[in-house]
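Here our numbering is used: the sequence shown runs in plain steps of one and ends on residue 333.
Positions of the beta carbon are idealized from the N, C-alpha and C atoms, including for glycine.
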Amino acid sequence: MDIQILTYQQLDKVAWEVLVSTSQFATFFQTPACYDFYASLPFMESFAYGVEQDGELVGVMQGYITLETNPIKQRLTRRAIIIGGPLLAENIQMDALQKLLVFVRQQLRNKAIYLETRNFHDYSAYRNCFEKAGWNYQPHLNFYVDTSSMDTLMANMGKSRKRDIKTSLRDGAQIIEKPTLEQVKAYYAILLDLYKTKVKTPLFPFYFFEKLYALPEARFLLVEWQGEIIGGTVCVVLEGKAMYEWFACGKDGISKSIFPSTLATYAGMAYAAEHHLPLFDMMGAGKPEESYGVRDFKAKFGGELVEHGRYLCVCQKWLYQIGKWGVSLMKKR
Numbered sequence: 001m002d003i004q005i006l007t008y009q010q011l012d013k014v015a016w017e018v019l020v021s022t023s024q025f026a027t028f029f030q031t032p033a034c035y036d037f038y039a040s041l042p043f044m045e046s047f048a049y050g051v052e053q054d055g056e057l058v059g060v061m062q063g064y065i066t067l068e069t070n071p072i073k074q075r076l077t078r079r080a081i082i083i084g085g086p087l088l089a090e091n092i093q094m095d096a097l098q099k100l101l102v103f104v105r106q107q108l109r110n111k112a113i114y115l116e117t118r119n120f121h122d123y124s125a126y127r128n129c130f131e132k133a134g135w136n137y138q139p140h141l142n143f144y145v146d147t148s149s150m151d152t153l154m155a156n157m158g159k160s161r162k163r164d165i166k167t168s169l170r171d172g173a174q175i176i177e178k179p180t181l182e183q184v185k186a187y188y189a190i191l192l193d194l195y196k197t198k199v200k201t202p203l204f205p206f207y208f209f210e211k212l213y214a215l216p217e218a219r220f221l222l223v224e225w226q227g228e229i230i231g232g233t234v235c236v237v238l239e240g241k242a243m244y245e246w247f248a249c250g251k252d253g254i255s256k257s258i259f260p261s262t263l264a265t266y267a268g269m270a271y272a273a274e275h276h277l278p279l280f281d282m283m284g285a286g287k288p289e290e291s292y293g294v295r296d297f298k299a300k301f302g303g304e305l306v307e308h309g310r311y312l313c314v315c316q317k318w319l320y321q322i323g324k325w326g327v328s329l330m331k332k333r
């Protein structure tokens with residue numbers, strides 16, 4: 001079998017789109033549209049590599065490398081993130097996948113401290129291949145919510161979530177499906193405060209959301225109450241297949257009967273159910289061995305808890321350890 005590795009410039013975009021439409025591992029984050037979005041941002045370096053078997057495209061790995069204007073910060077924080085994991089054809093051979101994984105590692109090892117796939121599907125059948133290529137499995141949880149219909153969505157949802165949604169809408173909270181850019185700015189301020197006070201990791205600058213706002217695949221669903229934006233969710237879609245909740249937040253506690261975070265996530269799920277998107281991907285629920293309040297929040301929406309994990313390839317071990325220590329210190333403040 002003839003196996004060829006392809007750079008982005010060599011990738012046939014039509015074949016890439018065909019693979020997206022046929023692969024069981026497809027997500028929005030592996031599409032040419034997502035590559036173009038990453039490439040439009042000055043604080044990211046996009047990358048995409050493919051592999052062919054006998055002239056057929058059977059695998060693509062694409063993602064971004066974080067870029068910082070401060071050279072010291074860039075040296076200590078640069079990482080390559082592959083959201084969704086690799087895009088694979090059903091007939092991909094292990095040799096082809098392993099060559100792709102090794103090539104990606106070789107191409108990026110001097111640009112990033114580590115490489116990480118954030119898997120949205122089950123790659124357990126390929127685990128041995130990943131590990132032979134230097135990518136180690138890390139357990140990580142996620143929730144999948146069945147949005148094949150509104151009836152199914154509501155039947156699976158916890159009673160407390162249903163009650164909070166009902167009272168929020170009854171007492172005047174509204175879901176804004178087509179917000180203005182000014183409303184998105186108000187949403188971003190809430191999200192930024194969440195990242196500074198609770199998440200305690202850096203958030204992309206507003207320019208990221210401004211560019212995402214213009215993307216046809218993006219959905220900004222905001223929550224308004226008494227004329228004020230009090231929360232919302234930012235999702236992206238893969239038509240006919242899934243909706244992905246990338247960011248969500250809310251000003252919880254502003255009223256005893258208004259639950260902005262709950263209504264925000266519900267807005268995404270309801271949109272998916274109403275627009276023939278049968279799966280709502282909550283994009284992460286933490287590590288199984290660690291307690292995680294966000295996981296508890298997400299669990300009450302009635303989704304299926306899955307462990308598809310991540311694959312990690314550390315290129316510069318001592319910088320990686322320094323980075324882990326820095327993140328741990330920042331979260332304790």
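- By the C-beta density criterion, Ser148 is exposed, having fewer than 16 other C-beta atoms within 10 angstroms.
- Taking 8 Å as the upper bound for CB-CB distance, His121 and Gln24 are in contact here, some 7 Å apart.
- Under the 10 Å beta carbon count, Asn136 is surrounded by fewer than 16 other beta carbons and is classified as exposed.
- According to the DSSP assignment, Asn70 belongs to no alpha helix (DSSP H), since it is labelled neither H nor E.
- Residue pairing of Gly309 in beta bridges, as defined by DSSP: absent, with no partner found.
- With respect to the C-alpha of Ala26, the residue from Asp281, Thr197 and Gly55 having the closest C-alpha is Asp281.
- When secondary structure is reduced to three states using DSSP, Ala96 falls in the helix class.
- When the beta-carbon positions are compared, Ser257 and Cys249 stay at least 8 Å from each other.
- Per the coordinates, the alpha-carbon of Arg118 lies some 37 Å from the alpha-carbon of Gly227.
- Following the DSSP letters along the chain, one finds Phe280 inside the beta strand (DSSP E) bounded by residues Leu279 to Asp281.
- Around Gln9, the same chain offers no residue with a beta carbon nearer than 6 Å, after the five sequence neighbours per side are excluded.
- Rounded to whole angstroms, Met1 and Gly50 show a C-alpha spacing of 16 Å.
- Tyr207 is classed as exposed because its beta carbon has fewer than 16 other beta carbons within 10 Å across all chains shown.
- When C-beta atoms of the stretch 299-314 are compared with those of the stretch 172-180, fewer than three pairs fall below 8 Å, so the two segments do not count as touching.
- Excluding five sequence positions before and after Leu67, the CB atoms of its chain that fall closer than 7 Å to its own CB belong to Phe43, Met44, Glu45 and Gln74, given in chain order.
- Cβ-Cβ separation between Arg310 and Glu116: approximately 6 Å, consistent with a contact (criterion under 8 Å).
- Here the stretch 205-224 makes contact with the stretch 164-177; the two share three or more CB pairs at distances below 8 Å.
- Within the same chain, and ignoring the five residues on either side of Asn142 in sequence, the residues whose Cβ sits closer than 8 Å to its Cβ are Phe120, Asp281, Met282, Met283, Gly284, Ala285, Leu305, Val306, Glu307 and His308.
- Bounds of the beta strand (DSSP E) holding Asp146 are Leu141 to Asp146.
- Contact between the stretch 195-207 and the stretch 158-168 is absent: fewer than three C-beta pairs spanning the two stretches fall below 8 Å.
- Closest in alpha carbon position to Cys235, among Gly85, Tyr213 and Ser255, is Tyr213.
- Residue range Lys13 to Thr22 is occupied by the alpha helix (DSSP H) that includes Trp16.
- Closest option to Tyr188, judged by alpha-carbon separation, among Arg170, Asp296, Lys200 and Phe220: Phe220.
- Phe47 is bridged by DSSP to Gly63.
- Here the C-alpha atom of Cys129 lies approximately 29 Å from the C-alpha atom of Glu245.
- Ala299: member of the alpha helix (DSSP H) spanning Gly293 to Ala299, first to last residue.
- In this structure, the CA atom of Gly55 is about 20 Å from the CA atom of Val102.
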